[in-house]
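Residue 501 in our numbering sits at position 153 of the sequence shown, and the numbers go up by one each step.
C-beta: ideal position from N, C-alpha, C; glycine also.
A quick note: this is a predicted structure, and the numbers were derived from the prediction, not measured.
All remarks here apply to the structure that follows.
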Amino acid sequence: MIAGLPLAFGAPLVLTALVLLPAIWWLLKLTPPRPRLESFPPTRILTEIAKRDEQPARSPWWLTALRLLLAGLVILALAAPIWRPTGESAPGEGPLLLVIDNDWAAARDWSTRIDTARRIVELAERSGRPIGLIATAEPPNQQFAPTDGDAIRTRLDALVPRPYATDRSAIATALQTAAASASFGGVAWLSNGLGGPDADDFSRFLETAIRAPVTIYGKDGKPLLGLAAPVATADALTLSVLRGEGPALTGTLVARDMKGRSIGEAPFAFKANELRTDAAFALPSELRNEIVRVEIAGNATAGAVQLLDDRFKRRRIGVISGASSDNAQPLLSPLYYISRAVQPFADVIEPRDANAANAVPQMIEAGAAVIAMADIGTLTPDVEQKLADWVEAGGTLLRFAGPRLAAASGETDTLIPVRLREGGRVLGGSLSWSSPQPLASFSAQSPFAGLAIAPDIEVRRQVLAEPDGNLPSRTWAALGDGTPLVTAAPLGKGWLILFHVTADASWSNLPLSGTFVEMLRRIAAFASVPQVDAARAVEGATTAAMLPPYRLLDGFGHFVTSDPLARPLSATGPLPAPSRDHPPGLYGADDGFRAVNVLAPDATLPPFNPAATIANAEIRPYPTTAPTDLSPYLLLAALACLIADALAVLWLNGGLRMRARAAALVIACLTLGHAFAPPPARADAASDQFAMDAVNKSRLAYVRTGNQEIDDMSEAGLAGLSRALSARTAMEPDNPLGVDVAKDELSFFPLLYWPIDPNAPMPDSATLAKIDAYMKQGGSILFDTRDELERAPGTTGFGGTPAAERLRTMLSGLDIPPLEPVPSNHVLTKAFYLLEDFPGRYSGGPLWVEASPPEDDAAAAARPARPGDGVSSILITENDMAAAWATDPDGRFLVPTIPPDPRQRELAYRTGINIVMYTLTGNYKADQVHVPALLERLGQ
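Structure, rendered in structure tokens:
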């Protein structure tokens, strides 16, 4: 090392060659440059004789300095200089044991750890020491025997961080025998910086079993952060960020959906020495339900990722009760207990109407995943059919018993999972021999498996199920005497679930316990479990349904599509700890999965303190920057000096001189080449100009057909309509634009006028797709077949003329909704003018628009304007609108109407104005339904 500089030399003896620089200078001084030869007449030579004395026997001083610099650079390069040397050395003597933690915590700076391992291998190789390699996250059946450096480097290249924790205890057991035979003389342990009992036990093992000098690399300068399981509340999705130690720190969490798109960000902040902090995503429940992955920005480890499955999604649960509601006494209402129980993990939908015939459709339309019905015994046939259809489509119907359900006949109710006995059963009454029953433990096949049961739960009354062969497989929970408490059965893609007690505290104290909350949480999550697997799990399968690996995490927290060693996961029961058999990730399919994460909800990240467990161990940090070998850079500089020396010698000898005439010729050629070079082509210049013309001012647009006569008439017609709009409305459009639907961008125009030419070529599939997208994204097209006079009298609909057949063929390639002639109460009839007909150059043909949903007579009478479904994306006429609007610049009409009628032309203009206003403003006229109420309020 050089004092004051982070610089060392691998071969310092080579630096003694620097004493030869004076001798080199002396030799260069005695070696003059070669005389310059001039091939000119003697008189030319005499004119160039210098007027001062010259000493051609001496080299220029700058050339001598350049050559001395060249020699010095070569000498320094051969001395192997190293910038920022680490001062590392392989610990001990004899065979070296290299231990690498390759779990998720080591992934945060994996390249630095591997570079450190390679340097240790090189240090051991220089001393001729064999090396043994152990990765603590790999299986214990590794190759422990010491070998040469090339074999170790090959294993290091193949080593990757695993997305689960290390198993050092298994490694220590396997190493116990190998250590005795290998007689390791030193240990280099590249730890992950994560402490705990496992790290302490392994440290003591190295000290007592290996009995050799130990060097431990513990810190790499980057904080180790992790994410614990989230908590979903009604307001936000909250996650805990973990760390081991450190100063104040801030960061950001990023939430992503299944496709990797960012949904939201949440900041977090650690105070000094704070180990846990929270970050919350305050998003609407619809957005929160799309979150599948939350990660710490800038931390590429599997522990900095939390995967979310259906357990953390906010369900929408509709509730309805057969009992009369009394807001003054909410504790007597079963809906109060259900709502309070599901509040931590679901949103409650309370119908506006207590009538089940109205409440059930409201909850279904509101997107309820579960409908909870408390003590509803008899359903009307139409409500029962709606519920049955909803359940078969994938919904979950959750029912609770009560007096009404106990009194109803179970023979006719098809929406219960088992047949019920009429009446019910009373436990612990004055006239009963039995006592209140506790809950029995849940079976492994039940979705409630693993839930803790409060010891004070008692059931005083229940409805009984008729025993049959399916009853055991349909029982999810039972009482201590074996009678069912919760039964369930699949119906189509959905489920029927029945609690044989009430949802309030009148029959049992179950609704007052935390077990009730967790049971409802499992049901809400169960509603989205893949139905085939769930059915197999409930209907008595000997083994639980298995979910295959879907998307797994690697050590860096990235999704990988497959892992050949990963095993399927049970669809029910508790989640396993991440391991080689069950690495973190998603198990199942796109429509339903379970998530396995690295860190448990109660996880901590204790820092590693090897000094407390291994005496006399050398503790080293991972270098933040690797040592730099300066030899290549010095050799490169020496090469540059050599090239400069050669150029200088050529220049002194006249080899680089250029004749003035040749130089002038080269400059002239370059100038002419630049002047006559063609300008760079811009293929998008035309499209840029089109976009500028379209957006600078409001314009009407027509589709160019390729027929000059038709296109000229379209342009003249829209120009006449534009002048009428400027004169009569607040809209002042500029000159119309012709559009090539195959090449031009259509989104600039809310309305396109498209005259149909039967001889024009059919648009290709790409053009049709572009037109379809334009119409679905809010654009409207007015198709004009211009064939009213060609139709046979009395014919309706499309067809019968070449233009109409061409339009039918073209529309067959588009996703066109049902059409209808404009009804009398459509907004088009009153968008600006009041119209009953929509003529053009011809009259009599209807104007077709998208068909609106049907309305009953009472609603139609009360609403002066039919709202439809927004602006119709397609309008079709046969009345040749453009010809009726067409005028020259002086305002003279170009073609007469048929029959020639000034009133018809005026109505044609009014039709065009209404169509433009309709496409620009939509159904605002439908709000006229509120005019009577507004006038009445103003009168008050």
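To the nearest angstrom, how far is it from the Cα of G440 to the Cα of A560? Translated into positions along the sequence shown, residue 440 becomes position 92. Translated into positions along the sequence shown, residue 560 becomes position 212. About 7 Å.
Near D1082, what residues of its chain come up, given a Cβ to Cβ distance below 6 Å and the 5 sequence neighbours on each side ignored? As a first step, residue 1082 must be located in the sequence shown, where it is residue number 734. K1045 and R1047.
For S588, which beta-bridge partners are listed by DSSP? Taking the sequence shown and counting its residues from 1, the one referred to as residue 588 is at position 240. Note: S588 sits in a beta bridge opposite D626.
Answer yes or no: do L895 and P912 have a C-beta to C-beta separation smaller than 8 Å? If you number the sequence shown from 1, residue 895 lands on position 547. If you number the sequence shown from 1, residue 912 lands on position 564. No; because the gap between Cβ atoms is not below 8 Å, this pair is not in contact.
What residue range does the beta strand (DSSP E) around V642 cover? On the sequence shown, position 294 is the one that residue 642 refers to. Looking at the DSSP string, the run of the beta strand (DSSP E) that includes V642 is R641 to I644.
Decide if V367 is buried, meaning its Cβ has at least 16 other Cβ atoms within 10 Å, or exposed. Taking the sequence shown and counting its residues from 1, the one referred to as residue 367 is at position 19. With fewer than 16 other Cβ atoms within 10 Å, it is exposed.
So, at 6 Å on beta carbons, what are the nonlocal neighbours of T961 in its own chain, with the 5 sequence-adjacent residues on each side left out? For the purposes of this step, residue 961 is taken as residue 613 along the sequence shown, with counting starting at 1. Listed in chain order, the non-local C-beta contacts of T961 below 6 Å within the same chain comprise D548, S551 and R552, local neighbours out to five positions each way being set aside.
Within 8 Å, strictly: CB atoms of L575 and Q654: As a first step, residue 575 is located in the sequence shown; it is residue number 227 there, counting from the start. As a first step, residue 654 is located in the sequence shown; it is residue number 306 there, counting from the start. Yes, Cβ-Cβ distance for L575 and Q654 is below 8 Å.
Quick one: what does DSSP say L1268 is sitting in, helix, strand or coil? In the sequence shown, the residue the question calls residue 1268 occupies position 920. L1268: helix per DSSP, three-state reduction.
Can you tell me whether DSSP reads F1258 as helix, strand or coil? Translated into positions along the sequence shown, residue 1258 becomes position 910. Residue identity differs from the one stated: residue 1258 is Arg in this sequence, not Phe. R1258: helix per DSSP, three-state reduction.
Secondary structure of E1198, DSSP reduced to three states: The count along the sequence shown starts at 1 and reaches residue 1198 at position 850. Strand at E1198.
Using only alpha-carbon positions, find the residue among Q691, R1071 and G651 that is nearest to K661. Numbered from its first residue, the sequence shown carries residue 661 at position 313. In terms of CA proximity to K661, Q691 leads the group Q691, R1071 and G651.
Counting only the same chain and skipping the five closest in sequence on each side, list residues whose C-beta sits under 6 Å from that of W1102. Against the sequence shown, residue 1102 aligns to sequence position 754. Same-chain partners within the cutoff: V1051, I1129 and F1131.
Please name the residue in Y685, T744, Y684 and S687 whose C-alpha comes closest to that of V708. Numbered from its first residue, the sequence shown carries residue 708 at position 360. Taking the Cα of V708 as reference, the smallest distance to any Cα among Y685, T744, Y684 and S687 is reached at T744.
Output the boundary residues of the alpha helix (DSSP H) element that contains I712. Residue 712 sits at position 364 when you count from the first residue of the sequence shown. Start and end: A704 to E713.
Beta-carbon gap between A1234 and V1243 smaller than 8 Å: Locating residue 1234 in the sequence shown gives position 886, counting from the first residue. Locating residue 1243 in the sequence shown gives position 895, counting from the first residue. Against a cut-off of 8 Å, the Cβ pair of V1243 and A1234 comes out as a contact.
Which of helix, strand or coil DSSP assigns to Q1056: Here residue 1056 refers to the residue found at position 708 when the sequence shown is read from its first residue. Correct three-state label for Q1056: helix.
Selected residue, minimal CA-CA separation from V1175, among G651, A1199, T823 and N489: Within the sequence shown, the letter at position 827 stands for residue 1175. Nearest of G651, A1199, T823 and N489 to V1175, Cα basis: A1199.
Figure out for me which residue from R747, P1187 and A755 has the closest Cα to the Cα of I764. For the purposes of this step, residue 764 is taken as the residue at position 416 of the sequence shown. Considering only alpha carbons, the answer is R747.
Considering only their Cβ atoms, is the gap separating L812 from L846 smaller than 8 Å? The sequence position of residue 846 within the sequence shown is 498, counting from 1. The sequence position of residue 812 within the sequence shown is 464, counting from 1. Result no, Cβ atoms of L846 and L812 do not sit closer than 8 Å.
Answer with buried or exposed for R636, where buried requires no fewer than 16 other C-beta atoms within 10 angstroms of its C-beta. Within the sequence shown, residue 636 is the residue found at index 288, counting from 1. With 16 or more other Cβ atoms within 10 Å, it is buried.
Given the structure, does L839 come close to the ligand FMN, in the sense that its CB is under 7 Å from one of the ligand's heavy atoms? The ligand FMN is absent from the structure shown, which contains no ligands of any kind.
Sequence-distant residues of its chain with Cβ nearer than 6 Å to A455 (five each side left out): Within the sequence shown, the letter at position 107 stands for residue 455. Answer for A455: P509, T649, G903 and F904, listed in chain order.
Let's test the definition: count the other Cβ atoms within 10 Å of the Cβ of T364 and tell me whether it reaches 16, buried, or not, exposed. Taking the sequence shown and counting its residues from 1, the one referred to as residue 364 is at position 16. Answer is exposed; the Cβ neighbour count stays below 16.
Validate contact between the stretch 1105-1117 and the stretch 1066-1085 using beta carbons, cut 8 Å, 3 pairs: no
Beta-carbon gap between S539 and F874 smaller than 8 Å: Taking the sequence shown and counting its residues from 1, one reaches residue 539 at position 191. Taking the sequence shown and counting its residues from 1, one reaches residue 874 at position 526. Not a contact, by the Cβ cut-off of 8 Å.
Can you tell me the Cβ-Cβ gap for L947 and F941, rounded? I've got them flagged as a contact below 8 Å. Translated into positions along the sequence shown, residue 947 becomes position 599. Translated into positions along the sequence shown, residue 941 becomes position 593. Going by Cβ atoms, the distance from L947 to F941 rounds to 19 Å, so no, they are not a contact pair.
Whose CA, out of P832, G840 and A802, lies closest to the CA of A736? Walking along the sequence shown from the start, residue 736 turns up at place 388. Ranking P832, G840 and A802 by Cα distance to A736 puts G840 first.
Inter-residue spacing [alpha-carbon to alpha-carbon] between A340 and P1084: The structure shown has nothing for residue 340, since the chain only spans 349 to 1288.
Spatially closest choice to N647 from A453, V469 and M1061, by CA coordinates: Here residue 647 refers to the residue found at position 299 when the sequence shown is read from its first residue. Closest by alpha carbon: A453.
Looking only at C-alpha atoms, which of W824, D977 and S783 sits nearest to Q793? Position 445 of the sequence shown, counting from 1, holds the residue named residue 793. Taking Q793 as reference, the option from W824, D977 and S783 with the minimal CA-CA separation is W824.
Please identify the residue among R659, E1093 and E1184 whose C-alpha is closest to the C-alpha of P922. Working through the sequence shown from its first residue, we reach residue 922 at position 574. Considering only alpha carbons, the answer is R659.
Is the Cβ-Cβ distance between D723 and P784 less than 8 Å? As a working note, residue 723 is residue 375 in the sequence shown. As a working note, residue 784 is residue 436 in the sequence shown. Inclusion of D723 and P784 in the CB contact set at 8 Å is not warranted, their separation being larger than that value.
In the DSSP output, what is T598 paired with across the bridge? In the sequence shown, the residue the question calls residue 598 occupies position 250. Partner(s): A617.
Cutoff 7 Å; reference P1290; Cβ partners in own chain excluding five residues on either side: No information on residue 1290 is available, as it lies outside the stretch 349 to 1288 that the chain covers here.
Of the choices G594, R604, V642 and P632, whose alpha-carbon is the least far from that of L623? Numbered from 1 along the sequence shown, position 275 holds the residue referred to as residue 623. Closest by alpha carbon: G594.
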